[in-house]
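Chemist:
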Amino acid sequence: MLLVAHDRPSTDPEPPIELTAAAEVHGFCPTCDARVYSRVNTRSESRYYSFVHFPRQGCTDTWKRDGTGGEGEWHRQWKLNAREHGARLEVPLVAGTVRHRTDALGDDGTAIEFQSSPLSDTERSEEHTSELQSRFGI
């Protein structure tokens, strides 16, 4: 689920403007530059707009996905709360071949990931944590 998109691809010489999901808004994915469009999310109790990739345009975000179809209402509310406190949402981070769209990025450059589901032993391990810190500063 993308709550924000860009008005132009990152290859454009002008810096992109952040777009908020609303009725009939089209833009570009902040991570992979593919075209995205807004639609009403019907999987949540509260209906809201979010951006999705057009069919057959998978995102190049290489971060692990659990296959459940995205983030829930809890996750969305935390991201919106972070935005109210000045954080930028869904900022792409790149380290070599690894691409990741962080949930929020603070003014000081701190990457924030909101996590409500349990982490596996591997995800909690020191090795995994140090890999995240070395690649992205998370």
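So in my numbering, the last spot in the sequence shown is 141, and the numbers never skip. Idealized CB from N, CA, C, for every residue including glycine.
1. Buried or exposed, going by whether 16 or more other CB atoms sit within 10 Å of the CB of S41?
2. Please state whether DSSP places D124 in a helix, a strand or coil.
3. Run through DSSP, which three-state label would H78 get?
4. Give me whichever residues DSSP pairs with R104 in a beta bridge.
5. Quick check: the Cα distance between W77 and S13, rounded to an integer number of angstroms?
6. Once you ignore the five residues that flank G75 on each side, which residues in its own chain have a CB closer than 6 Å to its CB?
7. Going by beta carbon distance, what residues of the same chain come within less than 7 Å of H56, once the five residues before and after it are set aside?
8. Note the first and the last residue of the continuous beta strand (DSSP E) segment covering T1.
9. Could you give the C-beta distance for A114 and L92, rounded to a whole number, given that I count them as a contact under 8 Å?
10. Report, in whole angstroms, the separation of the C-beta atoms of L6 and R79, which I expect to be a contact under 8 Å.
11. Could you tell me if V43 is buried or exposed, where buried requires 16 or more neighbouring beta carbons within 10 angstroms of its beta carbon?
12. Three-state secondary structure (DSSP) at L6?
Modeler: In this structure, then:
1. One-based indexing of the sequence shown puts residue 41 at position 38. It is buried - the Cβ of S41 has at least 16 other Cβ atoms within 10 Å.
2. One-based indexing of the sequence shown puts residue 124 at position 121. Helix, per DSSP.
3. Stepping through the sequence shown from its first residue, residue 78 is reached at position 75. Residue state, collapsed to three classes: helix.
4. On the sequence shown, residue 104 is found 101 positions in, with the first residue counted as 1. Note: R104 sits in a beta bridge opposite P95.
5. As a position in the sequence shown, residue 77 is number 74, starting the count at 1. As a position in the sequence shown, residue 13 is number 10, starting the count at 1. Distance between the alpha carbons of W77 and S13: 30 Å.
6. One-based indexing of the sequence shown puts residue 75 at position 72. There are no such residues.
7. The residue labelled residue 56 in the question sits at position 53 within the sequence shown. These residues qualify, in order along the chain: C32, A37, V39 and C62.
8. Limits of the chain in this structure are 4 at one end and 141 at the other, which puts residue 1 out of reach.
9. Against the sequence shown, residue 114 aligns to sequence position 111. Against the sequence shown, residue 92 aligns to sequence position 89. A114 to L92, Cβ: 12 Å. No contact.
10. As a working note, residue 6 is residue 3 in the sequence shown. As a working note, residue 79 is residue 76 in the sequence shown. The Cβ separation is near 7 Å, so the contact holds.
11. Counting from 1 along the sequence shown, the entry for residue 43 is found at position 40. Classification for V43: exposed.
12. Indexing the sequence shown from 1 puts residue 6 at position 3. Coil.
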